[in-house]
Each structure stands twice: as C-alpha cells, then as structure tokens.
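Q: For the sequence shown, my numbering begins at 412 and goes up steadily by one. The structure's right below; bear with me while I get my questions together.
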Amino acid sequence: MLVNQVVRPLTKTESVFFLCVSILINAIGNALTVCLNLGSAMWTASSANLSYFIHVRLDLILIGFGTVIIVINCCLRHRVDWGRIAKNFIFMIPFSLLVQVFADAFSRWQIQGLSLGVRIGLDLFGIVLIGMAVSIYQRVNVILHPNDDFMQTLRFDYCHGNAALAMWASYIPPAIVLVVAVIGTRQILAINIGTAFSLALQGSLVGWSDKLVFPRLKHQL
Numbered sequence: 412m413l414v415n416q417v418v419r420p421l422t423k424t425e426s427v428f429f430l431c432v433s434i435l436i437n438a439i440g441n442a443l444t445v446c447l448n449l450g451s452a453m454w455t456a457s458s459a460n461l462s463y464f465i466h467v468r469l470d471l472i473l474i475g476f477g478t479v480i481i482v483i484n485c486c487l488r489h490r491v492d493w494g495r496i497a498k499n500f501i502f503m504i505p506f507s508l509l510v511q512v513f514a515d516a517f518s519r520w521q522i523q524g525l526s527l528g529v530r531i532g533l534d535l536f537g538i539v540l541i542g543m544a545v546s547i548y549q550r551v552n553v554i555l556h557p558n559d560d561f562m563q564t565l566r567f568d569y570c571h572g573n574a575a576l577a578m579w580a581s582y583i584p585p586a587i588v589l590v591v592a593v594i595g596t597r598q599i600l601a602i603n604i605g606t607a608f609s610l611a612l613q614g615s616l617v618g619w620s621d622k623l624v625f626p627r628l629k630h631q632l
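If you want it as structure tokens, here you go:
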C-alpha cells in the first residue's frame, strides 16, 4: 500500500478486504458474460459449454475444472504443495459459487431481453470487470485461482518468463474441453465478441487497472 509515497506491506485486514472485493468483482463480470452469451473469457466460456453438454450446474463445473487444474499444476511442478492447494481452493470455491448466484440473478432480471447494443455493452463491461479483479488479486499476491496459478507455472517453469506464450499455452485445456462440448451438443455458447475482446485486451485491461483501480495498492512481494 502506498502511503506518503512509501510502499508498505498490506495488513491482514487489508489483504482480506482486497481479496474479497476482487473475488466479488470477478464473479459479477464472469456471470454477466455467461448470462448474456455474447462472449466470455476463455476459461468461463469452456465451462459454460461443458455445463450445457453434461447438464451440471456451472458452479460445480468451475470447481471441478479448477480441481483438475490443481492436479495438473502439481504434475507440472513435480511436487504437492498443500499450502498452495489450500489457497487455490480458498479462492476458487467462493468465486465459483458466486458466479452461479449472480448468473441466476441476472437471468431472473431478464437482461437477455435488453437491446443488442446494451447487451454488448454489458458483456464488454463484464470483461473489463474481470481484468480489474485480476489486477487487484495479483497485486495482493496472497492467493490465486488455480487457472492463474497454472499460467504462472507455465510462464516461469516452462516458458522462460514469456507471459504471452504462457497465456496461450494455458488456453490449451479449456480449448480441448470446449471442442469436445461443442461436438457433443452441436452448439457453441459464450463465444462471441466478448471472447475476442478478452483475448485481445485482457493484458492491457489488467495494466490499466493497476493504475486506475485502487492506485495506492502496489504489488506485494
């Protein structure tokens, strides 16, 4: 936290506050994009299609998907770090449940019935919210979602620090699941303008949020 131009470590209360805010914002953003079906971030789009394919609630799919990624992370790191795994679950479970809660609420409010222009705007706003949330919890640097942990592992252990290469490599599992689900249902959900917007600008959105959203919150070591 920046105080009088001096960066000091976050207190436990501050860390919990910022993490809760980031999880809430992240869940709202993802729920908006899922409900509107105009394009979600890659992981969420893949989960939405798998949910439709096997008729399982989205929150359970997100938790199951995250659990599989935790196992993959352990294999990639060649060790089981129980503390890290616990932190992954602390992030993933409330996030997944909140996505379902907000998606159900948005459906009840019938936002799908709004005009196309408004729906596109809301979908893109959802992607922006996701970028804001990622910025906040990466700066707090206490716990990560398994998907983000996966990308970090790929970046530093396999991609020589190349963030762009690691990002694209991290999309391989959700892409495989997406293809299987689309083949099984002959329909494609949550892949649209919002997905392209996310793929093109996710990194920039995080960078902008670092400067504009809680600007006094600095990256914790």
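By construction, the Cβ of each residue, glycine as well, lies at the ideal position given by its N, Cα and C atoms.
#1: Output the distance between the C-alpha atoms of residue 581 and residue 550, rounded to the nearest integer angstrom.
#2: Tell me, to the nearest whole angstrom, how far the beta carbon of residue 524 is from that of residue 444; I am working on the premise that it is less than 8 Å.
#3: So, helix, strand or coil for residue 580, using DSSP?
#4: Does DSSP put residue 445 in a helix, in a strand, or in coil?
#5: Rank 542, 601, 461 and 498 by C-alpha distance to the C-alpha of residue 624 and give the top, closest one.
#6: Determine, using beta carbons only, whether residue 450 and residue 575 come nearer to each other than 8 Å.
#7: Excluding sequence positions up to five away, which residues of its chain have a Cβ less than 7 Å from the Cβ of residue 639?
#8: Let me know if residue 605 comes out buried or exposed under the rule of 16 or more other beta-carbons within 10 Å of its beta-carbon.
A: This is what the structure gives:
#1: 21 Å
#2: Residue 524 to residue 444, Cβ: 17 Å. No contact.
#3: helix
#4: helix
#5: 542
#6: no
#7: The question about residue 639 has no answer, for the chain in this structure spans 412 to 632.
#8: buried
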